[in-house]
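Number of protein chains: 2
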Amino acid sequence: MQQHEIGFLIFPNLTQLDFTGPLQVLSRLPGARTHIAAKSLQPVPTDCGLSLLPNRTLDDCPQFDLLCIPGGFGVVDLINDQATLDFVRRQAAGAKYITSVCVGAFVLGAAGLLRGKRATTHWAYTELLPLVGATHEKARVVRDGDVITAGGVTSGIDFGLVLVSEIAGRQAAETVQLGIEYDPDPPFDAGHPDRAPAPVRASLEERYAKSVQAYRNALVPLAA
Amino acid sequence: MQQHEIGFLIFPNLTQLDFTGPLQVLSRLPGARTHIAAKSLQPVPTDCGLSLLPNRTLDDCPQFDLLCIPGGFGVVDLINDQATLDFVRRQAAGAKYITSVCVGAFVLGAAGLLRGKRATTHWAYTELLPLVGATHEKARVVRDGDVITAGGVTSGIDFGLVLVSEIAGRQAAETVQLGIEYDPDPPFDAGHPDRAPAPVRASLEERYAKSVQAYRNALVPLAA
Numbered sequence: 150m151q152q153h154e155i156g157f158l159i160f161p162n163l164t165q166l167d168f169t170g171p172l173q174v175l176s177r178l179p180g181a182r183t184h185i186a187a188k189s190l191q192p193v194p195t196d197c198g199l200s201l202l203p204n205r206t207l208d209d210c211p212q213f214d215l216l217c218i219p220g221g222f223g224v225v226d227l228i229n230d231q232a233t234l235d236f237v238r239r240q241a242a243g244a245k246y247i248t249s250v251c252v253g254a255f256v257l258g259a260a261g262l263l264r265g266k267r268a269t270t271h272w273a274y275t276e277l278l279p280l281v282g283a284t285h286e287k288a289r290v291v292r293d294g295d296v297i298t299a300g301g302v303t304s305g306i307d308f309g310l311v312l313v314s315e316i317a318g319r320q321a322a323e324t325v326q327l328g329i330e331y332d333p334d335p336p337f338d339a340g341h342p343d344r345a346p347a348p349v350r351a352s353l354e355e356r357y358a359k360s361v362q363a364y365r366n367a368l369v370p371l372a373a
Numbered sequence: 150m151q152q153h154e155i156g157f158l159i160f161p162n163l164t165q166l167d168f169t170g171p172l173q174v175l176s177r178l179p180g181a182r183t184h185i186a187a188k189s190l191q192p193v194p195t196d197c198g199l200s201l202l203p204n205r206t207l208d209d210c211p212q213f214d215l216l217c218i219p220g221g222f223g224v225v226d227l228i229n230d231q232a233t234l235d236f237v238r239r240q241a242a243g244a245k246y247i248t249s250v251c252v253g254a255f256v257l258g259a260a261g262l263l264r265g266k267r268a269t270t271h272w273a274y275t276e277l278l279p280l281v282g283a284t285h286e287k288a289r290v291v292r293d294g295d296v297i298t299a300g301g302v303t304s305g306i307d308f309g310l311v312l313v314s315e316i317a318g319r320q321a322a323e324t325v326q327l328g329i330e331y332d333p334d335p336p337f338d339a340g341h342p343d344r345a346p347a348p349v350r351a352s353l354e355e356r357y358a359k360s361v362q363a364y365r366n367a368l369v370p371l372a373a
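Chains as they are written, first to last, in this note's numbering: chain A, 150 to 373; chain B, 150 to 373.
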């Protein structure tokens with residue numbers, strides 16, 4: 150069976166489901182070998198009180214076939230982190246799929262990988278995509294050549310299934326989907342900013358405002 | 150703000166998304182304090198090559214308001230593990246919500262907590278529910294009094310939102326849902342056993358057969 154080297158970058162203060170959703174899906178891709186890379190092998194704290202253990206350092210990874218960068222508030226600290234950006238550029242140069250979930254898109258962007266590309270990110274941050282040279286496409290999973298970006302957090306599960314289908318075919322993706330019983334049934338229809346009640350959206354926009362501004366401040370010098 | 154002690158049990162060879170999905174949702178419940186309990190503070194290996202760090206041992210937990218047991222192939226090793234079952238019974242006695250995702254239901258069952266209850270579990274294991282005295286109800290999230298069980302893996306996200314709504318109200322749940330952009334869009338309609346293509350279902354039933362039998366072997370003596 151063909152091996153597929155599936156590599157994730159993790160970092161302090163990531164949103165754990167940005168990573169664990171696609172990890173669950175992609176680890177079931179036939180032939181997948183998953184690599185969880187971080188700056189060191191120390192536990193990586195997430196936004197949930199849970200710490201994750203990487204199994205690779207940035208300097209000790211094989212060439213990935215698929216590179217995936219999850220998001221989280223911690224992304225803002227990577228935008229000027231040259232060791233991380235060098236790793237991302239190095240892996241991207243040889244990878245077949247260069248991907249992100251949520252605001253992980255801005256790590257790809259800071260590494261110069263979204264210039265001239267259609268892309269997406271968490272809904273509250275889409276207006277910042279032009280700062281890394283990308284055009285926002287309004288979709289949950291956006292493909293532009295070898296670059297595939299997904300929207301916020303849970304979109305990483307849909308994204309994972311799209312990738313399994315792309316790499317191993319529809320039946321393989323359906324098998325993963327049934328295995329994880331992915332027949333979603335949200336109790337409310339509030340998961341898209343166009344359909345969420347206005348006060349719900351407004352409260353989140355207020356909560357994210359500082360973070361969006363911090364991203365903007367970090368990204369503007371790159372755009373110049 | 151009212152505090153809510155949200156406690157998860159983790160154990161070797163759990164299906165990480167059974168745990169990380171509801172953790173992501175429930176950690177955003179206003180006032181939530183999440184506890185990740187295991188037999189020791191050593192890293193806990195999952196089914197994905199990822200290890201997780203608990204932050205509590207079984208003997209060092211406050212009384213949980215909500216107890217959640219995720220699933221995974223490793224559950225079979227807990228069915229006769231008295232230290233784990235004692236922990237589950239002790240916490241369940243004082244918890245307001247006694248819950249499971251996927252085959253985590255059989256940990257509740259082995260602890261005697263599903264007797265006479267309507268419940269669900271991963272679709273491939275539902276036929277085993279009577280062995281712990283439960284009746285299978287065909288739904289993604291099943292509530293019977295203070296016992297709430299969810300189906301396979303990704304159902305834990307829907308389950309988490311149901312719980313946030315129950316505890317903190319609809320707007321709180323909608324806010325979490327929009328924050329994690331939970332507007333699911335699976336590329337195929339194969340996530341429910343009644344609708345998945347027959348060969349896909351058959352291939353998984355074959356893959357799970359040994360595990361289902363191992364659960365049956367472990368549960369039959371309890372039923373006697």
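Quick reminder that beta carbons are idealized off the backbone N, C-alpha and C, glycines included.
Under the DSSP assignment, residue 215 (chain B) falls in the beta strand (DSSP E) whose first and last residues are 215-218. Under the Cβ criterion of 8 angstroms, residue 220 (chain B) is not counted among the residues facing chain A. In this structure, residue 166 (chain B) lies near residue 302 (chain B), with their beta-carbon atoms less than 8 angstroms apart.
Taking C-beta separations shorter than 8 angstroms and ignoring five residues to either side along the sequence, the partners of residue 162 (chain A) in its chain run 194, 195, 196, 221, 222, 223, 226, following chain order.
Under the criterion of beta carbons closer than 8 angstroms, residue 202 (chain B) and residue 192 (chain A) qualify as touching, at roughly 5 angstroms.
At least one CB of chain B lies nearer than 8 angstroms to the CB of residue 345 (chain A). For residue 249 (chain A), the uninterrupted beta strand (DSSP E) run begins and ends at 246-250, by DSSP. Rounded to whole angstroms, the gap between the alpha carbons of residue 348 (chain B) and residue 340 (chain A) is 32 angstroms.
Between residue 337 (chain A) and chain B, the shortest Cβ-Cβ separation is below 8 angstroms.
Runs of the beta strand (DSSP E) lying entirely within the stretch 255-305 of chain A and spanning at least 3 residues, in chain order: 290-293, 296-299. In the pairwise beta carbon analysis, the stretch 254-264 of chain B is classified as not touching the stretch 304-312 of chain B: fewer than three pairs are separated by under 8 angstroms. At the C-beta level, residue 350 (chain A) and residue 234 (chain B) stay beyond 8 angstroms of one another. Here DSSP, grouped into helix, strand and coil, assigns residue 207 (chain A) to coil.
Interface residue (Cβ-Cβ distance to chain A less than 8 angstroms): residue 152 (chain B) is not classified as such. What residue 355 (chain A) touches in chain B, judged by beta-carbon distance under 8 angstroms, is nothing: the nearest beta carbon there is about 11 angstroms away. Going by DSSP, residue 199 (chain A) is part of no alpha helix (DSSP H) at all; its letter is neither H nor E. Counting only runs of at least 3 residues, the stretch 153-190 of chain B fully encloses the following beta strand (DSSP E) elements, listed from N- to C-terminal order: 153-158, 181-187. Taking a C-beta distance under 8 angstroms as the contact criterion, residue 290 (chain A) and residue 304 (chain A) qualify as a contact pair. If you check each beta-carbon in the stretch 261-295 of chain B against every beta-carbon of chain A, the ones closer than 7 angstroms belong to 271, 272, 289.
Straight-line spacing of the CA atoms in residue 239 (chain B) and residue 331 (chain A) works out to 32 angstroms. Going by beta carbons, residue 270 (chain A) and residue 294 (chain A) fall outside the 8 angstroms limit. The beta carbon of residue 273 (chain A) is closer than 6 angstroms to those of 357 in its chain, skipping five residues each way along the sequence.
In the DSSP assignment, residue 361 (chain B) falls within the alpha helix (DSSP H) that extends over 347-372. For residue 366 (chain B), no CB of chain A lies under 8 angstroms from its own CB, so it is not counted at the interface with that chain. Counting only the Cα atoms, residue 276 (chain A) lies some 18 angstroms from residue 352 (chain A). Within the same chain, and ignoring the five residues on either side of residue 267 (chain B) in sequence, the residues whose Cβ sits closer than 6 angstroms to its Cβ are 284, 286, 291, 293. With contacts defined as CB atoms closer than 8 angstroms, residue 316 (chain A) and residue 256 (chain A) fail to qualify as a contacting pair.
By the neighbour-count criterion, in which 16 or more other beta carbons inside 10 Å mark a residue as buried, residue 369 (chain B) falls on the exposed side. Taking a Cβ-Cβ cut-off of 7 angstroms, the neighbours of residue 331 (chain A) in chain B comprise 303, 335, 340, given in sequence order. Counting the other Cβ atoms within 10 Å of the Cβ of residue 190 (chain B) gives fewer than 16, which makes it exposed. Close to residue 192 (chain A), with beta-carbon spacing below 7 angstroms, are these residues of chain B in chain order: 202. Within the same chain, Cβ atoms closer than 6 angstroms to the Cβ of residue 204 (chain A) are found at 185, the five residues on either side in sequence being excluded. The C-beta of residue 297 (chain B) comes no closer than 8 angstroms to any C-beta of chain A. At a cut-off of 8 angstroms between beta-carbon atoms, residue 166 (chain A) makes contact with chain B.
Taking the C-beta atoms as reference points, residue 178 (chain A) is found nearer than 8 angstroms to residue 153 (chain A).
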